[in-house]
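Residue numbers (this note's numbering), protein chains in the order written: chain A, 4 to 115; chain B, 1448 to 1561.
Here you go:
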């Protein structure tokens, strides 16, 4: 089946620290991969995406590279800010399918 | 989150009560989705629709019903509320002509069943 596993949270960092949130997946076919972010009290927003192996998605200083050999899509940011505090979800969709499979989410807190 | 409107934002139900969560979109999309979000569990797909008159089950459909009589509306009904249905519910639609999986979410409806 199709599934996504994220590193467990919560994750707490100081401002300007380097961030990595691990995400690995299991999928039949060729998935597209996504990171969604949920700020407090809001719905989910698409943060970045990658549609094929070796693609790098990037947005707002965040990056993630689609690694087919390790079935991973780790989220990274070089210098986090307090405003990055949120819950981050890794997700996949199978080619041609309009449905998303989500990881369990990782809560990130950035302290000033 | 312009484009997808969910009501109510908050609701408390007693066990056995019924209610309908409303979702309306103004983007004229054929696809609409209902997800539930439980703490530490990510989002699970309840039901989805590929167009007016067409609905299908997701991963966790038990205890819920949906209908899609118009393109704009996709209500989710709980017939006999149970504590296990305490959750945050999100309605979603695809983002324009984006690739499958790029979804645009409503602000959510937080439901508590006591």
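Glycine included, every Cβ here is placed at the ideal spot set by N, Cα and C. Remember, predicted model here, so these are calculated numbers, not experimental data.
Using beta-carbon distances, residue 63/A does not count as an interface residue toward chain B, since no partner is under 7 Å. Straight-line spacing of the CA atoms in residue 46/A and residue 1514/B works out to 23 Å.
Residue 76/A and residue 25/A have their C-alpha atoms some 7 Å from each other. Chain A has a Cβ within less than 7 Å of the Cβ of residue 1552/B. Around the CB of residue 109/A, 16 or more other CB atoms lie within 10 Å, so the residue is classed as buried. Three or more pairs of CB atoms, one per stretch, sit closer than 8 Å, so the region 1517-1532 of chain B contacts the region 1458-1473 of chain B.
In the DSSP assignment, residue 1535/B falls within the beta strand (DSSP E) that extends over 1534-1541. According to DSSP, residue 1494/B shares a beta bridge with 1481/B and 1504/B. The shortest C-alpha to C-alpha distance from residue 1455/B to any of 1524/B, 1549/B and 1543/B is the one to 1524/B. Taking 8 Å as the upper bound for CB-CB distance, residue 1482/B and residue 1491/B are in contact here, some 6 Å apart. Its chain contains 1491 and 1492 as the residues whose beta carbon lies nearer than 7 Å to that of residue 1506/B, once the 5 sequence neighbours on both sides are disregarded; these appear in chain order. Separation of residue 1554/B and residue 48/A (C-alpha to C-alpha, rounded to the nearest whole angstrom) is 10 Å. Residue 1520/B carries a strand assignment under DSSP once its states are collapsed to helix, strand and coil. Taking every protein chain shown into account, the CB of residue 1489/B has 16 or more other CB atoms within 10 angstroms, so this residue is buried. In the structure shown, the three-state DSSP call for residue 1530/B is helix. The beta-carbon separation of residue 1541/B and residue 1550/B, rounded to 6 Å, stays under the 8 Å limit for a contact. Assigned with DSSP and collapsed to three states, residue 7/A falls in strand.
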